[in-house]
Amino acid sequence: MNQVVTGKGSAGLAGTGVLTGEAIVTGEAITIELRVARLGSRLIAGLLDLLIQLYILYAVGAAALLIVRPDNDALIAAVFLLVYVGVVLGYPVTCETLTRGRTLGKMAMGLRVVRDDGGPIHFRHAFARGLVGAVVERPGLLLGLPAVISMLVSKHAKRLGDVFAGTVVLQASVPRPGGAPPSVPPQLVGWAATLDLTGLDDALALRARQFLGRAHELSPQALERLGSGLVRQVRAVVTPPPPPGTPGWAYLSAVLAERTRRAYHRLTANRPRSIPSPVFSPYPTAQYPTAQYPTAQYPTAQYPTAQYPTAQYPTAQDQSPPPPYPTAPQPPPGR
């Protein structure tokens, strides 16, 4: 199994991250398993992209020649150079920027470009890969020969553009093996809990998993015969040995299932726990009891009701007082 390396490792434009074997170790010392795309799948994806670029170049070039005057050779050469650079450089940069690391050829082959730390690429990474590819790897008659040589000598099949940009191409789409997932037989549950799996690396576990994925297609005799080699390799690095009489397929299934279970528990244990939102509980209704203070503490008959007589003030007068000024005398009639 790959050893986890703590620390930061800058790779070109990528940021922090270290490539170790078949895994990416980020700056936070988190190991991310990966499957690096090999030369064959990358060549096929490159040929598909090349055919698409030639088709775009032919279509855009023909349309440009219809617009430009045919007697102006200098203008035709300038337009052709502009179209060529725009297609050769613009096609991969645009596709990888918009799709986060995929061109049409990479989509067909299930490939994706990521940073060395496992994160998605951005425009600067796509531009660096495209610029190095157009200027260094595919000029003139080289036809991508420097890129092929670089992928052959590189541990992670990196071409020159990947080296300068700090990127790596991964096999994003991996075929899922058929059959049911590995499980521990009931007779081996106690034994599987005591296994020491530190010596079982990812490559051997993947071969055993692929073998078990085809187990439903094989007869018991073929299953035992083909799995004997894998059983010997696994028993050499896994202790303790299985109980006597355990079939090879059952042994491999128990080992892989226990390995998956422990990896899941490590993942859930290291996952940051989300902080729960505060819960505001209502105040209890009986916090202050109603019978705490007696209702008869102050007697109702403390003050007499007849303390002040009701006839203390006289009622209003019935007759109005005489007018303050006499009325004027009336003149005698006939005057």
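Residue numbers (our numbering): 793 to 1127. Cβ coordinates follow ideal geometry from the N, Cα and C atoms, glycine included.
*Do you know how far the Cα of VAL960 is from the Cα of ALA939?*
Reading the sequence shown from its first residue, position 147 is the one you call residue 939. Reading the sequence shown from its first residue, position 168 is the one you call residue 960. Roughly 13 angstroms between the two C-alpha positions.
*Under the rule that 16 or more other beta-carbon atoms within 10 Å means buried, what is PHE915, buried or exposed?*
Taking the sequence shown and counting its residues from 1, one reaches residue 915 at position 123. Label assigned to PHE915: exposed.
*Could you tell me whether the region 972–985 touches the region 1049–1060, using the rule of 3 or more Cβ pairs below 8 angstroms?*
yes
*Along the beta strand (DSSP E) that carries LEU992, what are the first and last residues, could you check?*
Here residue 992 is taken as the residue at index 200 of the sequence shown, counted from 1. It is not in any beta strand (DSSP E) - LEU992 carries neither H nor E in the DSSP assignment.
_Start and end residues, alpha helix (DSSP H) containing ARG907_ = Counting from one through the sequence shown, the residue named residue 907 turns up at place 115. Not the alpha helix (DSSP H): ARG907 falls in the beta strand (DSSP E), residues 903–907.
*Apart from the five residues on each side of it in sequence, which residues of its chain come closer than 7 angstroms, Cβ to Cβ, to VAL1071?*
Numbered from its first residue, the sequence shown carries residue 1071 at position 279. Any answer about VAL1071 is weak, because its pLDDT of 47 lies below 50 and its placement is not dependable; what the coordinates show is given next. Counting only Cβ-Cβ distances below 7 angstroms, and skipping sequence neighbours, we find nothing.
_Measuring straight from C-alpha to C-alpha, what distance separates PRO1074 and ARG907?_
As a first step, residue 1074 must be located in the sequence shown, where it is residue number 282. As a first step, residue 907 must be located in the sequence shown, where it is residue number 115. Note that PRO1074 has pLDDT 46, beneath the 50 cutoff, so the model's placement of it is unreliable and the number below is only indicative. Those two C-alpha atoms are separated by around 51 angstroms.
*How is the alpha helix (DSSP H) around VAL927 delimited, first residue to last?*
Taking the first residue of the sequence shown as position 1, residue 927 is located at position 135. Element bounds for VAL927: n/a, residue is neither H nor E.
*Of the residues PRO1012, TRP983, VAL1026, which one's Cα is nearest the Cα of ARG999?*
The residue you call residue 999 lines up with position 207 of the sequence shown. It is VAL1026.
_Please list the terminal residues of the continuous beta strand (DSSP E) segment that includes THR889._
Position 97 of the sequence shown, counted from the start, is the residue given in the question as residue 889. Here THR889 belongs to no beta strand (DSSP E); instead the alpha helix (DSSP H) covers 865–890.
*May I ask you to report which of helix, strand or coil DSSP gives LEU826?*
Counting from 1 along the sequence shown, the entry for residue 826 is found at position 34. Three-state result, LEU826: coil.
*Is THR895 buried or exposed, if buried means 16 or more other CB atoms sit within 10 Å of its CB?*
Translated into the one-based positions of the sequence shown, residue 895 becomes position 103. Answer is buried; the Cβ neighbour count reaches 16.
_Pull the bridge partners of LEU963 from the DSSP assignment, please._
Position 171 of the sequence shown, counting from 1, holds the residue named residue 963. One detail in the question is off: residue 963 reads as Gln in this sequence, not Leu. In the DSSP output, where bridge partners are listed per residue, GLN963 has LEU903.
*When the Cα atoms are used, what is the spatial distance from LYS950 to ASN864?*
For the purposes of this step, residue 950 is taken as residue 158 along the sequence shown, with counting starting at 1. For the purposes of this step, residue 864 is taken as residue 72 along the sequence shown, with counting starting at 1. In a straight line, the C-alpha of LYS950 is about 43 angstroms away from that of ASN864.
*By Cβ distance below 7 angstroms, which residues in the same chain neighbour PRO1032 in space, the five residues on each side in sequence not counted?*
Your numbering for residue 1032 matches position 240 in the sequence shown. Taken in chain order, the residues that qualify are THR986.
*asked:* I believe PHE956 touches VAL924 by the beta-carbon criterion, under 8 angstroms. Please report the beta-carbon distance rounded to the nearest angstrom.
replied: As a working note, residue 956 is residue 164 in the sequence shown. As a working note, residue 924 is residue 132 in the sequence shown. Indeed they touch by this definition, with Cβ atoms about 5 angstroms apart.
_My assumption, with CB atoms under 8 angstroms, is that PHE1003 sits in contact with LEU1022. Please give the rounded CB distance._
Along the sequence shown, read from residue 1 onward, the residue named residue 1003 stands at position 211. Along the sequence shown, read from residue 1 onward, the residue named residue 1022 stands at position 230. So it is a contact: roughly 6 angstroms between Cβ atoms.
*What residues match up with THR1031 in a beta bridge as DSSP calls it?*
For the purposes of this step, residue 1031 is taken as residue 239 along the sequence shown, with counting starting at 1. Partner(s): ASP988.
*Determine, using beta carbons only, whether ARG861 and PRO884 come nearer to each other than 8 angstroms.*
Indexing the sequence shown from 1 puts residue 861 at position 69. Indexing the sequence shown from 1 puts residue 884 at position 92. No, these two residues do not count as a Cβ contact at 8 angstroms.
*Can you say whether SER1020 is buried or exposed, counting buried as having 16 or more other CB atoms within 10 angstroms of its CB?*
The sequence position of residue 1020 within the sequence shown is 228, counting from 1. By the neighbour-count rule (16 or more Cβ atoms within 10 Å), SER1020 is not buried but exposed.
*Tell me where the alpha helix (DSSP H) around LEU980 begins and ends.*
For the purposes of this step, residue 980 is taken as residue 188 along the sequence shown, with counting starting at 1. Element bounds for LEU980: n/a, residue is neither H nor E.
*For LEU839, which residues from the same chain have a beta carbon less than 8 angstroms from its beta carbon, with the 5 sequence-adjacent residues on both sides left out?*
As a position in the sequence shown, residue 839 is number 47, starting the count at 1. Cβ neighbours of LEU839 beyond the five flanking positions: GLY897.
*Which word fits ARG1017, buried or exposed, when buried means at least 16 other C-beta atoms lie within 10 angstroms of its C-beta?*
Here residue 1017 refers to the residue found at position 225 of the sequence shown. By the 10 Å Cβ count, ARG1017 comes out exposed.
*Tell me, which residues are paired with PRO912 by DSSP?*
Counting from 1 along the sequence shown, the entry for residue 912 is found at position 120. Per DSSP, VAL906.
*Beta carbon of GLN963 nearer than 8 angstroms to that of LEU1044*: Translated into positions along the sequence shown, residue 963 becomes position 171. Translated into positions along the sequence shown, residue 1044 becomes position 252. In this structure, GLN963 sits away from LEU1044, with a CB-CB distance that is not shorter than 8 angstroms.
*asked:* Less than 6 angstroms between C-beta atoms, sequence neighbours within five positions excluded: which residues of the same chain meet that for ALA870?
replied: Mapped onto the sequence shown, residue 870 falls at position 78. None.
_Close beta carbons around VAL875, own chain, < 8 angstroms, minus the five adjacent residues each side_ = For the purposes of this step, residue 875 is taken as the residue at position 83 of the sequence shown. Only LEU849, VAL852, GLY853, ALA856 meet the Cβ criterion.
_Looking only at its chain, what residues have a beta carbon closer than 8 angstroms to the beta carbon of ALA866, apart from the 5 residues adjacent to it on each side?_
Numbered from its first residue, the sequence shown carries residue 866 at position 74. For ALA866, there are no CB contacts under 8 angstroms within the same chain when 5 residues up- and downstream are skipped.
*Out of ALA1014, GLN979, ALA1028, LYS947, state which residue places its alpha-carbon closest to the alpha-carbon of LEU996.*
Here residue 996 corresponds to residue number 204 of the sequence shown, with the count starting at 1. Checked all of ALA1014, GLN979, ALA1028, LYS947; the closest Cα to LEU996 is ALA1028.
*Just how far apart, CA to CA, sit THR886 and ALA918?*
As a first step, residue 886 must be located in the sequence shown, where it is residue number 94. As a first step, residue 918 must be located in the sequence shown, where it is residue number 126. Using only the alpha carbons, I get a separation of about 8 angstroms.
*Could you work out which residue in GLY1037, LEU980, ALA1014, MET899 is closest to ALA837 when comparing CA atoms only?*
Numbered from its first residue, the sequence shown carries residue 837 at position 45. The residue with the shortest Cα to Cα distance from ALA837 is MET899.
*Just the Cα atoms here: how many angstroms apart are LEU952 and PRO1012?*
Residue numbering aside, residue 952 sits at position 160 when the sequence shown is read from its first letter. Residue numbering aside, residue 1012 sits at position 220 when the sequence shown is read from its first letter. Computed Cα separation, rounded: 49 angstroms.
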